[in-house]
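Chemist: Using this note's numbering, the letters of the sequence shown correspond one by one to residues 78 to 768.
C-beta atoms are modelled at their ideal positions from N, C-alpha and C, and glycine is treated no differently.
Pasting in a structure now, in structure tokens, and then I'll have a few things to ask.
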Amino acid sequence: MCPFSFGFIKEYYFYSFSRKFVFNKNVGLFRYLCSHILTFNFWGMISVNGVSVVFGGFYLLDTVSFLINKKDRIGLTGRNGAGKSTTLKMLAGLQAPSEGNISMASDIRIGYLPQTKVYTDGKTVREEAKTAFTDLFALREEVEQLNMELARREDYDSPAYLKLLDCIHEKTELLNVRGEGNIEAEVEVILKGLGFKQEDFERHCEEFSGGWRMRIELAKILLARPDVFLLDEPTNHLDIESISWLESFLQSYPGAVVLVSHDRAFLDHVTTRTIEISLGKVYDYKVPYSRFEELRKERMEQQMRAYQNQQNQIKDTEDFIERFRYKATKSVQVQSRIKQLEKIERIEVEEEDAARITVRFQPAVRSGEVVVTARNLSKAYEEHVVLKDVQLDIKRGEKVAFVGKNGAGKSTLVKMIMNQIPYEGELKTGHNVHIGYFAQNQADLLDPEMTVLDTVDRVAEGEIRKKIRDILGAFLFSGEEVDKKVKVLSGGERTRLAMVRLLLEPYNVLILDEPTNHLDMRTKDILKEALRKFEGTVIVVSHDRDFLTGLVGKVYEFANRNIREYLGGITDFLEAKKLACFREYEQLHTIRKAEDGECGGGPEKSSRLSFEERKQWNREIKKAGQRVENAEQEVTRLEAEMAELEKRMAEGAVDGELLTGYAEKQKQMEAAMREWEAATEAEERLKKDKN
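Next comes the structure, spelled out in structure tokens:
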């Protein structure tokens, strides 16, 4: 036999199992494979053991330990600078801990997406995406070389020839397991899911912006199908539709997922476990993010009570020492209290979370009833039409969201309202309208030679000037940081500073283009609350559903070079979109069945299906696949329990209770087998209908 890795056994096993492994006819083989795979620990566990990270004597992480198991969905959270990105880099093997170690099985494959990336040029989008299959292409080339060697040999009965045949068979089987024949289809599905159009596939990567190139990097990681995804702010460059697609992908993915994100809705939909990094320690919660916030609040209250009790204890001890320090009769007790004080492990509390600040936008004069009106509004760049014949009315006091895929025209319309670019058609702003505009490049417009404090002090007027430092603190500028010059700030810090300036100036209309990209959860909540209380008009371009939820009462969707109005909040919009897609899917499915009955179908029938319908169909197939997987897991569990009972019976420990238990397990196994067969048939029917 050709030597092969345990990774091959794992791949082959899961492939066979997903292809309706006939374990009801060969339970012994199934049990054998299960026991051996479990023995070799192929469930993808990563162990973080006593890890510390030290920078200049400061412990960013202090002796932290946790496990990552197969199928874990972990949200890594904590304040800015707590060590989230550093932890991901260590898990990816790109940074070594100062102390401790991270251990994992040798064949674990990691897919790591950083916040920023150095790109290579020269390839088309399709070619760059296919680099995710480099190992597969190498395996294919190896099989071709082995087949060429086989063709040259004539020692058909020799052991070496038979060994070569076995090796070719195993590697060819592995190629099939990895889906060699589906590469092109997988590339198209992933790229389209992330927002690329068919015509984009043959464009060169360097033609795209940094945000779109990050999507290509994300596509490569998804296509590589690693055992563990490590994703650092994966939604920063995605629109709402692409985020929803990525959620569905990660929810049904068989491997583990560890991600850092400031998108609360994304975390809630993807993760089932939250690991918080706070003051160098980790706190592990087996719940999604929103539930974690509730539990964290309870922990912080307990921690604060413990901190206050300890402070009282320390004060009492210090008072005793000071009172009796110079009395000879109390010297023993004083020394005892000093030693006691030295041994106390001080409780730390994150002070920034103990205080909340309420921020309000400055009052401004009242605008007219109609704020923005557009009629037959169009914009084209040479032959490329971005918007055509747009009709729009935004009234005083409305809070609206502009949503849609990147490149659909959201920022273009905002720039037209701000009169920054020429356009065709009619566009008017109402009486007494004063617009405060936060552009995506707003940070670049700040004076680099001014300090943080001077930058906001220049625009602040009246009573608000007394709260400048508090407001800066709410946006993560505290202490000596307010004396830094703008030119030394990071891009995220400049963005936050630009947002503070907007808060301090009197406007009755606010237009915010992706305002939350560099804000953490706490700061986003502060901004959202300020916007909710704002009495003027708000237009927000954003893909952050949690930020938009409860803030906007109307949604404008940008698609097909026009806009469509949805009354209600972002949740109503997403629900309406989901139902609309499903109705379209049902209608097309009915039409397709009728056509198949009339003409017997044909190779052209699948071409009638829209991309949206194929996406919906894929979701249904994924749900069916999840049902199959759940059934398989139940059978696996029961197999293990029955094997244990059989072992006990083989050892002679047979009694009535044991036999009754075994009979019950057999009944449960029969029911689980029926569920597995029904789930498998349902999945196969869906796949057959799709094809």
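Go through its chain and collect everything with a Cβ distance to Leu641's Cβ below 8 Å, but skip five positions before and after it.
Modeler: The residue labelled residue 641 in the question sits at position 564 within the sequence shown. Here the sequence assigns Arg to residue 641, which means Leu is not the residue at that position. Contacts found: Tyr633, Glu634.
Chemist: Could you check what DSSP says for Ala516 in three-state terms: helix, strand or coil?
Modeler: Numbered from its first residue, the sequence shown carries residue 516 at position 439. The answer is coil: DSSP assigns Ala516 none of H, G, I, E or B.
Chemist: With DSSP as the reference, label Ser124 as helix, strand or coil.
Modeler: As a first step, residue 124 is located in the sequence shown; it is residue number 47 there, counting from the start. DSSP places Ser124 in strand when its eight states are reduced to three.
Chemist: Give a yes or no on whether the C-beta atoms belonging to Ser124 and Ser180 are separated by under 8 Å.
Modeler: Taking the sequence shown and counting its residues from 1, the one referred to as residue 124 is at position 47. Taking the sequence shown and counting its residues from 1, the one referred to as residue 180 is at position 103. A contact, by the Cβ cut-off of 8 Å.
Chemist: Gly769 by DSSP, collapsed to three states: which one?
Modeler: Nothing can be reported for residue 769, as the shown portion of the chain is limited to 78 through 768.
Chemist: Is Asn178 helix, strand or coil by DSSP?
Modeler: Taking the sequence shown and counting its residues from 1, one reaches residue 178 at position 101. Note: Asn178 maps to strand in three-state DSSP.
Chemist: Hey, how far is the Cα of Leu295 from the Cα of Leu190?
Modeler: If you number the sequence shown from 1, residue 295 lands on position 218. If you number the sequence shown from 1, residue 190 lands on position 113. Between Leu295 and Leu190, the C-alpha separation is close to 7 Å.
Chemist: When burial is assigned at 16 or more other CB atoms within 10 Å of the CB, is Asp560 buried or exposed?
Modeler: As a working note, residue 560 is residue 483 in the sequence shown. Exposed, because fewer than 16 other Cβ atoms sit within 10 Å of the Cβ of Asp560.
Chemist: Which runs of the alpha helix (DSSP H) at least 4 residues long sit entirely within the stretch 214-290? Give them in chain order.
Modeler: Runs of the alpha helix (DSSP H) inside the stretch 214-290: 236-254, 260-270.
Chemist: With DSSP collapsed to three states, give me the class of Ala383.
Modeler: The residue you call residue 383 lines up with position 306 of the sequence shown. Here Ala383 sits in helix by DSSP.
Chemist: Taking a contact to mean a Cβ-Cβ separation below 8 Å, would you say Ala169 touches Leu300 in this structure?
Modeler: As a position in the sequence shown, residue 169 is number 92, starting the count at 1. As a position in the sequence shown, residue 300 is number 223, starting the count at 1. Contact: no.
Chemist: Apply the 10 Å Cβ neighbour rule to Asp316 and answer buried if 16 or more other Cβ atoms are within range, or exposed otherwise.
Modeler: Taking the first residue of the sequence shown as 1, we reach residue 316 at position 239. Buried, by the Cβ-count rule.
Chemist: Going straight from the alpha carbon of Gln275 to that of Lys269, what length do you get?
Modeler: To locate residue 275, count along the sequence shown from 1; it is residue 198. To locate residue 269, count along the sequence shown from 1; it is residue 192. Going from the Cα of Gln275 to the Cα of Lys269 covers about 7 Å.
Chemist: Quick one: Cα of Arg350 to Cα of Pro365, how far?
Modeler: Counting from 1 along the sequence shown, the entry for residue 350 is found at position 273. Counting from 1 along the sequence shown, the entry for residue 365 is found at position 288. Arg350 and Pro365: Cα-Cα distance of roughly 5 Å.
Chemist: Return helix, strand or coil for Phe369, following the three-state DSSP convention.
Modeler: Indexing the sequence shown from 1 puts residue 369 at position 292. In this structure, Phe369 counts as helix in the three-state DSSP scheme.
Chemist: Could you check which residue in Arg203, Gly134, Met122, Gln222 has the C-alpha nearest to that of Ala182?
Modeler: Residue numbering aside, residue 182 sits at position 105 when the sequence shown is read from its first letter. Comparing Cα positions, the closest option is Met122.
Chemist: Could you tell me the boundaries of the alpha helix (DSSP H) in which Ala441 lies?
Modeler: Against the sequence shown, residue 441 aligns to sequence position 364. Looking at the DSSP string, Ala441 is not in any alpha helix (DSSP H), and its letter there is neither H nor E.
Chemist: Under the three-state reduction of DSSP, which class applies to Ile421: helix, strand or coil?
Modeler: By 1-based counting over the sequence shown, the position of residue 421 is 344. Reduced to three states, the DSSP call for Ile421 is coil.
Chemist: Please tell me whether, using a cut-off of 7 Å, the distance from the CB of Ala740 to the nearest non-hydrogen atom of the ligand HEM is below it.
Modeler: The ligand HEM is not part of the structure shown, which contains no ligands of any sort.
Chemist: Sort His246, Asp597, Lys358, Gly627 by Cα distance to Tyr136 and report the nearest one.
Modeler: Residue mapping note: residue 136 aligns to position 59 of the sequence shown, counting from 1. Looking at the Cα atoms, Lys358 is the closest of the given residues.
Chemist: May I ask you to verify whether the stretch 302-316 touches the stretch 329-338, counting CB pairs closer than 8 Å and requiring at least 3?
Modeler: Yes, they touch.
Chemist: Less than 8 Å between the C-beta atoms of Gly507 and Asn453, yes or no?
Modeler: In the sequence shown, counting from the first residue as 1, residue 507 sits at position 430. In the sequence shown, counting from the first residue as 1, residue 453 sits at position 376. Not a contact, by the Cβ cut-off of 8 Å.
Chemist: Per DSSP, which residues does Asn639 bridge with? Please list them.
Modeler: Taking the first residue of the sequence shown as 1, we reach residue 639 at position 562. Note: Asn639 sits in a beta bridge opposite Ala636.
Chemist: If we ignore side chains and look at the alpha-carbon of each, how far apart do Asn496 and Phe515 end up?
Modeler: Walking along the sequence shown from the start, residue 496 turns up at place 419. Walking along the sequence shown from the start, residue 515 turns up at place 438. For Asn496 and Phe515, the distance between alpha carbons rounds to 14 Å.
Chemist: Pull up the distance between the alpha-carbon of Cys79 and that of Thr249, whole angstroms please.
Modeler: Counting from 1 along the sequence shown, the entry for residue 79 is found at position 2. Counting from 1 along the sequence shown, the entry for residue 249 is found at position 172. Interpretation of Cys79 is limited by its pLDDT of 43, a score under 50 that renders its predicted location unreliable; no figure is taken from the coordinates.
Chemist: For Gly550, which residues does DSSP report across the bridge?
Modeler: What you label residue 550 is simply residue 473 of the sequence shown in a count that begins at 1. Gly550 pairs with nothing; no bridge assigned.
Chemist: Name the DSSP bridge partner or partners of Ser355?
Modeler: Your numbering for residue 355 matches position 278 in the sequence shown. Lys358.
Chemist: What does the Cβ neighbour count give for His246, buried or exposed, with the cut at 16 atoms within 10 Å?
Modeler: Taking the first residue of the sequence shown as 1, we reach residue 246 at position 169. Burial call: exposed.
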